[in-house]
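Using our numbering, the letters of the sequence shown map in sequence onto residues 27 to 141.
Even for Gly, the Cβ is constructed at its ideal location relative to N, Cα and C.
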Amino acid sequence: MSQQDSGAEIGAFFAGVLIGALVGAASALLLAPQSGEETRKQISRTGEELRDRAQDIVEDARERADATIADARRRAERIVEEARERAAELVNEARERVEIAIEEAKDKPAAEAQA
27 MSQQDSGAEI GAFFAGVLIG ALVGAASALL LAPQSGEETR KQISRTGEEL
77 RDRAQDIVED ARERADATIA DARRRAERIV EEARERAAEL VNEARERVEI
127 AIEEAKDKPA AEAQA
């Protein structure tokens with residue numbers, strides 16, 4: 027097969043594609059149930075509805091995210107407060123034990139002297 031034959035086949039193929047596209051477009055225009063203007067209006071309305079739905083979904087997601095963040099903050103604050111309270115309890119308990127140990131140490135020499 028020569029290059030001329032190959033080029034002719036490619037040209038014929040694209041000519042067929044072009045003719046098919048033109049026939050399809052003409053058929054669509056002739057068989058369409060509504061005018062082009064009506065179709066454009068419908069596409070515009072559908073686009074606006076989709077945009078509104080997308081905005082609603084984004085807003086809903088934002089509200090859920092804000093609520094989740096607020097809940098996480100409340101939980102974190104509660105955990106921090108509980109940790110502070112527990113730390114204060116441990117400090118008080120340690121002070122009491124140190125005071126008891128000091129008192130026992132003071133009493134021990136007096137008890138040894140009596141023995």
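In the three-state DSSP reduction, Gln68 falls in the helix class (H, G or I). For Ser53, the secondary structure class from DSSP, reduced to helix, strand or coil, is helix. The three-state secondary structure of Gln60, taken from DSSP, is coil. In its own chain, leaving out the 5 sequence neighbours on each side, no residue places its CB closer than 7 Å to the CB of Arg77.
Taken atom to atom, the span from the alpha-carbon of Gly73 to that of Lys67 is near 10 Å.
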